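Numbering follows the working numbering, with no gaps: position 95 of the sequence shown is 828. Glycine included, C-beta positions come from ideal geometry on N, C-alpha and C. Note that the coordinates shown come from a computational prediction; the quantities given were computed from them, not determined experimentally.
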Amino acid sequence: MIDRLTLQPNQGLFCLFFALCLSCFQPNGIIAEETSFPSADSSVNQSETTPTAEDIALWIQELGSSDYQTRETATEKLSDAPPEFIPQLKAAAMQSDLEVSIRSIRILEAIFLRQSNAWFEMLIPEMPAPTLNRTPTFAENPARVRRLEQIAFYFDQIDLALSELGESTSASQSRRAREILDTQQSKREFKAMLDVLDLGGRLFYLSESGRGEDVKIVTKEMILEGRFHSENLGLQINRHWQNTPESLQKLKRITRLNSLYLIKGAPLSRQQITEVQAALPHVRLQTRGAARLGVTHRLSFNGPATGAVVGDVAIGSAADQAGILAGDIIIRLADKKISDFESLVRSLEDYEGGDVVEVDVIRGSDNGPNYDSSEGLLDKKEAEKEMQSVHKDEKLNLFVRTISVELSGW
């Protein structure tokens, strides 16, 4: 009886986006706001268009009928039902009756596809479109905002239901649920990235430049317009993160997440961190203080046995503005000696963005200020001024530069 139950193929994502893009170029630039379920202010008689809870219960019961046509009719009716009944369908999908379970998962798939498509269609006004045909933005249309929030709520609810089914002990249930989630992964991740920014997170990626790797912050506009293509995203979470069970689920949808930075004051518990690591085992977890220097680490095999060797210096960062260079070896920050990069990270935990600290660095084969301006180095006047910040460490037998740095925040 079960071999006739096959999942209906989803429409290709390319076709979806092609259709959406075409709709952006309609002469009037108007997007229809009707969704698959009646709106709250609909003038249509709700009793004639919306099934009752009793109807839903009866149709779910009929999914297990011995009569094939009765099962098919019930499946069609439930597939067209409004998303308010997702909890009942989830409960039916978890039943031991395999016929009822598999049909319920198929119905959840149909509703999920309808809601995800509706969410993307409602999002079109925020995507690039010709100026003359521009539709009102969400800020200009509060009704559109409310509709989008309603659709997003059901999108998340059914995503969570399928995620729980994907962890079922029933191999048949879990396999089918995971297949649905996999086919919708692009949309799920796209929405999750926007949601994570709304929750207070900060997405970023590293971009190669002539000076090394620069940190590029991902904005909503970049996500909507597809202006970043990194498969290795980082996420910073600080004390402003809105920590809820739902936010954790959204975080776990971003499969291209490569690193997670927990900034001092981040509200995630150890249990929640463990849950994220279990869902995304490839993610590197790092903790940081509230202040940032803006350098990466580089291994050194021929320098002093102590200190943190600077790899890349992010353009515009606190280190960059203070004049710290790639290859510098940081041996002191304020009153703390720096033995390695980890001790540099730990030393920053006591500071906030805007604090000014003194940093001692060793610069390669530095012999003090150089007067040779023909090589683009310091002229005599500049060198005499710099001499005040350079001294020789007799123990290390090297020149040490003291640099004042105004730390930045995350």
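Only residues of its own chain outside the window of five on either side were considered, and among them I970 and T1020 have a CB closer than 6 Å to the CB of L995, listed in chain order.
Counting along the chain, the unbroken beta strand (DSSP E) around L1131 starts and ends at L1131 to E1139. Three or more beta-carbon pairs drawn from the stretch 834-853 and the stretch 911-931 are found closer than 8 Å, and the two stretches are therefore classed as touching. Between the stretch 1066-1081 and the stretch 1051-1058, the count of C-beta pairs closer than 8 Å stays below three; the two stretches do not touch. When the Cα atoms are used, D788 and A999 turn out to be separated by approximately 46 Å. Partner residues in the beta bridge of Q1019, as assigned by DSSP, are Y994. Just so you know, the alpha carbons of I1136 and S1080 end up roughly 16 Å apart.
Around the Cβ of S799, a 10 Å sphere holds fewer than 16 other Cβ atoms; the residue is exposed.
Between G1027 and A1051, the C-beta gap is smaller than 8 Å, which places the two residues in contact. Taking the Cα positions, G1049 is about 12 Å away from R1025. Leaving aside the five residues that flank H1124 on each side, the residues in its chain whose CB is nearer than 8 Å to its CB run, in chain order, F1132, V1133 and T1135.
With a beta-carbon spacing of about 12 Å, L822 and A807 fall beyond the 8 Å limit used to define contacts. The Cβ atoms of K983 and V929 sit closer than 8 Å to each other. In the three-state DSSP reduction, E1091 falls in the strand class (E or B). The closest CA to that of D1083, considering only R1096, A1067 and V1094, is found on A1067. DSSP places A1024 in the strand class (E or B) of the three-state scheme. Pairwise C-beta distances place the stretch 822-831 out of contact with the stretch 850-857, as fewer than three of them are shorter than 8 Å. With a threshold of 16 other beta carbon atoms within 10 Å, Y801 falls short and is exposed. Secondary structure note for I838: its alpha helix (DSSP H) is the uninterrupted segment L831 to L856. The C-alpha of E882 is placed about 19 Å away from the C-alpha of A814. Non-local beta-carbon contacts of V1090 in its own chain, meaning distances under 8 Å to residues more than five positions away in sequence, involve L1066, A1067, Y1084, S1137, V1138 and L1140 in chain order. Using a Cβ distance threshold of 8 Å, V1042 and H1030 count as a contacting pair. Taking each of W1143, E964, I840 and G1040 in turn and checking the Cα distance to L895, the smallest one comes out for I840. Between L1001 and the set P784, D1093, R972 and L939, the nearest pair of CA atoms involves R972.
If you check the CB distance, G967 and F923 do not come in under 8 Å.
The three-state reading of DSSP puts K1070 in strand, counting E and B together.
P875 counts as exposed, since fewer than 16 other beta carbons sit within 10 angstroms of its beta carbon.
Residue range A1041 to V1046 is occupied by the beta strand (DSSP E) that includes D1045.
Nearest neighbour of I884 by Cα position, chosen from L957, P816 and W974, turns out to be P816.
Counting every other CB atom within 10 Å of its CB across the protein chains shown gives Q890 a total of 16 or more, marking it as buried. 8 Å or more divides the Cβ of L939 from the Cβ of V951. Q906 counts as buried, since no fewer than 16 other beta carbons sit within 10 angstroms of its beta carbon.
The three-state secondary structure of V951, taken from DSSP, is coil. Annotation for D1061: V1043, V1094 and R1096 place their beta carbon closer than 6 Å to its own, counting only its chain and skipping 5 residues before and after. Straight across, the Cα-Cα distance linking T1007 with K1128 is about 45 Å. Here the alpha carbons of S834 and P784 stand approximately 21 Å from one another.
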